[in-house]
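Below is one structure; the comments refer to it alone.
In this note's numbering, the protein residues as written are 45 to 237.
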């Protein structure tokens, strides 16, 4: 998505999104770095947490940027040593046991999924379901975000299960109105009743 992403992110940032993960795997290192600089420049007054997917080198070239690891990335302890203690470090996991291991290895947060059916996560097997998310939330003390097939109603359900929030792609970037979709999701995870 690269450069086409920047205008969409401007609208998402206007809606108040607290974090953005850049996972543009098809971009060269230079292009990803340039994109990250563009994203940082979008909102000088409101600095959402920026995370770079799997590219520690790019994150280190930017001030205050964290890293999000996939399950086949560098090991968490190695990445933490490279990043230092101040930068945010998260990891995607696909089972409760992986969440427990990621916390023990030093992750600051975990993204667990897929929780619900979604075409983009089929390679990770069937959906884990809300009860698996709830179990992980009882065993892990760091924030857990659910991913996969997220809607506003499902994000609310994940919060009720103990998740810190939801990680989304299509729910925002696939929406006709990304600002409204962002606000709806933020309300769902913020105002849990």
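In this text, a Cβ means the ideal position worked out from N, Cα and C, and glycines have one as well.
By the neighbour-count criterion, in which 16 or more other beta carbons inside 10 Å mark a residue as buried, residue 173 falls on the exposed side. Ranking 175, 206, 136 by CA distance to the CA of residue 191 puts 136 first. In the three-state DSSP reduction, residue 94 falls in the strand class (E or B). With fewer than 16 other beta carbons inside 10 angstroms of its own, residue 182 counts as exposed. Annotation: residue 155 is outside any alpha helix (DSSP H); the continuous beta strand (DSSP E) that includes it extends over 153 to 156. Boundaries for residue 138: no beta strand (DSSP E) harbours it, and the DSSP string shows neither H nor E there. Residue 128 sits exposed, since fewer than 16 C-beta atoms from the chains shown fall within 10 Å of its C-beta.
Of the residues assessed, residue 56 falls on the buried side of the cut-off, its CB having 16 or more other CB atoms within 10 angstroms. Taking the Cβ atoms as the reference, residue 59 lies roughly 4 Å from residue 226, within the contact range of under 8 Å.
Distance from residue 177 to residue 152 at the Cβ level is roughly 18 Å; contact not present, criterion being Cβ atoms closer than 8 Å.
Here DSSP, grouped into helix, strand and coil, assigns residue 71 to coil. As a beta-bridge residue in DSSP terms, residue 210 pairs with 190. Beta-bridge partners of residue 66 (DSSP): 96. Taking C-beta atoms as the reference points, residue 217 and residue 52 count as a pair closer than 9 Å. Under the three-state reduction of DSSP, residue 177 is assigned to helix. In this chain, residue 118 is not harboured by any alpha helix (DSSP H), its DSSP state being neither H nor E.
For the options 115, 48, 219, the alpha carbon positioned closest to that of residue 79 is the one of 48.
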